[in-house]
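Here's the structure we're looking at; comments come further down.
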Amino acid sequence: MHQHEVASRAGIGPSSIASSMPVSRIREIMDLAWADPEAIHLEVGEPDFPTPEHVVEAAHEAARAGHTRYSPNAGIPELREALAEKVTRRNGYVALPDQVVVTQGGVQALYLTLLALLEPGDEILLPDPAWPDIYMISHLIGARAVPYPLVAEGGFLPRPEDLERLVTPRTRAILVNSPSNPLGTVVSRELMDTLLGFARERGLWFVSDEVYDEVTFDGGFISAGSVADPNDRLVSIYSFSKVYAMTGWRVGYLVAPPGLAKLLTGMQEPIISCVNTPAQMAALSAVTGPQDVVREMRDAYKARRDDLLDVLDSGGLPCSRPSGAFYVWTDVSKAGLPSIELCRSLIENEHVAVAPGSAFGELGEGYVRLSLASSRENVIEGASRLIDFLDRSACISS
Ligand SMILES: Cc1ncc(COP(=O)(O)O)c(C=O)c1O
């Protein structure tokens with residue numbers, strides 16, 4: 007019976023859930039930009055720095071030493087121990103190794119977590135604008151994504167009154183992303199306390215996406231775990247991608263209550279079995295080795311941020327002042343164009359690629375995201391061309 011169903015489905019193509027998945031609109035701009043050899047790339051969401059040399063060396067060393075076999079589902083024990091210690095020391099809350107699950111990047115940590123927590127039809131409160139993959143994940147697992155607004159009037163931060171309005175008896179979880187991609191905002195201790203309280207009162211799971219935890223500029227970042235009550239239903243998501251310039255290595259991790267961590271560990275078996283073993287050894291050297299590499303990259307993003315804000319300010323373009331991550335959320339509504347069209351014209355006419363705000367949700371319309379993960383010269387030149395372009399389009403349309 008089951009086989010018959012599979013056979014007849016093969017004749018009609020992929021599942022409806024797969025074929026109706028929303029696709030990322032950043033990709034379209036990236037493809038256009040890569041086809042233009044002159045393009046200045048401010049659309050990218052990954053560090054422009056190479057992976058630190060000692061981390062690369064650790065992977066070579068691991069492979070030569072024969073660390074080329076499967077690892078346990080939850081990751082290499084030394085790495086889980088080092089990560090528990092990192093979270094305890096740098097994120098400010100006690101985590102034990104058996105609460106840590108090593109994943110294939112932050113994205114797989116999120117996929118795994120939502121798959122474990124949500125039944126089809128369950129609702130999850132997600133930020134709008136947000137990194138689009140979390141909407142795709144929700145779609146793939148059949149959950150209903152309920153966007154909560156992050157808008158200028160609210161300082162681009164979650165507002166408890168919106169959450170109150172949107173929560174229903176079907177809501178099972180809320181996801182908070184601080185520092186935020188694409189907004190660069192950081193949730194304060196007080197607000198984090200309020201958000202955790204909101205989830206606690208309603209028995210919701212709280213998923214805290216902290217993949218930019220060590221890309222923060224002005225102080226003020228705090229991990230949800232450092233504010234949470236011991237019995238809160240909290241899962242915290244981390245990654246090596248952004249902090250250590252390791253996007254292609256695909257190593258991330260999550261911290262969950264021990265029972266859930268055990269369940270998630272078992273679920274890794276049919277999904278990825280384990281993360282690439284030499285990559286885990288490289289991650290171990292990143293987290294236990296010298297941390298000045300993290301500081302140097304952070305300082306570079308901060309210097310670029312300050313330069314970019316000066317350029318945008320003198321060009322009269324309103325924008326966010328990011329306290330973390332490496333993006334500047336810029337209001338381009340004066341162009342009077344859908345942001346995707348603006349991005350296409352900007353590449354064609356100015357050879358500058360930026361990410362359209364609408365790619366991050368309905369409330370992203372009227373904005374573009376400029377990435378600081380490009381050289382200082384590119385950031386300044388790209389922003390200057392954006393300003394000229396907007397001034398010219400304003401003249402034409404008036
Ligand atoms: C907010 C946010 N969460 C999670 C991720 C996942 O990153 P990775 O899978 O490379 O760790 C990203 C990547 O862009 C992100 O911006």
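Under my numbering, the sequence shown has 257 at position 251, and the numbering climbs by one with no breaks.
Backbone N, C-alpha and C fix where the C-beta goes; we use that ideal spot for every residue, glycine too.
Asked                                                                                                                      : Found
Three-state secondary structure (DSSP) of G203                                                                             : helix
Start and end residues, beta strand (DSSP E) containing E67                                                                : Premise fails: E67 lies in the alpha helix (DSSP H), 59 to 70, not in any beta strand (DSSP E).
M7 classed as buried or exposed, judged by whether at least 16 other C-beta atoms fall within 10 angstroms                 : Its pLDDT being 36, under 50, M7 is placed unreliably in this model, and the value from its coordinates should be taken loosely. Exposed, since its Cβ has fewer than 16 Cβ neighbours within 10 Å.
Element boundaries [beta strand (DSSP E), containing L48]                                                                  : 46 to 48
Chain-order list of residues whose beta-carbon lies under 6 Å from that of A149 (same chain, five-residue window excluded) : L124, D128, I130
Residues near S14 by beta carbon distance below 6 Å, same chain, minus five either side                                    : Confidence at S14 is low in this model, with a pLDDT of 48, below 50, so its placement is unreliable and no value can be given for it.
Alpha-carbon to alpha-carbon, D134 and G367                                                                                : 5 Å
A359, DSSP secondary structure in three states                                                                             : strand
Cβ-Cβ distance between P185 and F246 below 8 Å                                                                             : no
Those runs of the alpha helix (DSSP H) which lie wholly inside the region 161 to 187 and span at least 4 residues          : 166 to 172
When N355, R239, G370 are compared against D394, the one with the closest alpha-carbon                                     : N355
D235: first and last residue of the uninterrupted beta strand (DSSP E) it sits in                                          : D235 -> no beta strand (DSSP E), and no H or E assigned at all.
The beta strand (DSSP E) enclosing D134, as first and last residue numbers                                                 : 129 to 134
C325 (DSSP reduced to helix, strand or coil)                                                                               : strand
Separation of D312 from S25, as counted between CA atoms                                                                   : 42 Å
Distance CB(L120)-CB(L270) smaller than 8 Å                                                                                : no
Option nearest V157 by Cα separation, candidates G321, A389, L314, G372                                                    : G372
Own chain, CB closer than 8 Å to Q105, minus 5 neighbours either side, in chain order                                      : A90, V261, A262, P263, P264, A267
Per-residue burial, I18 [other beta carbons within 10 Å of its own, 16 or more giving buried]                              : exposed
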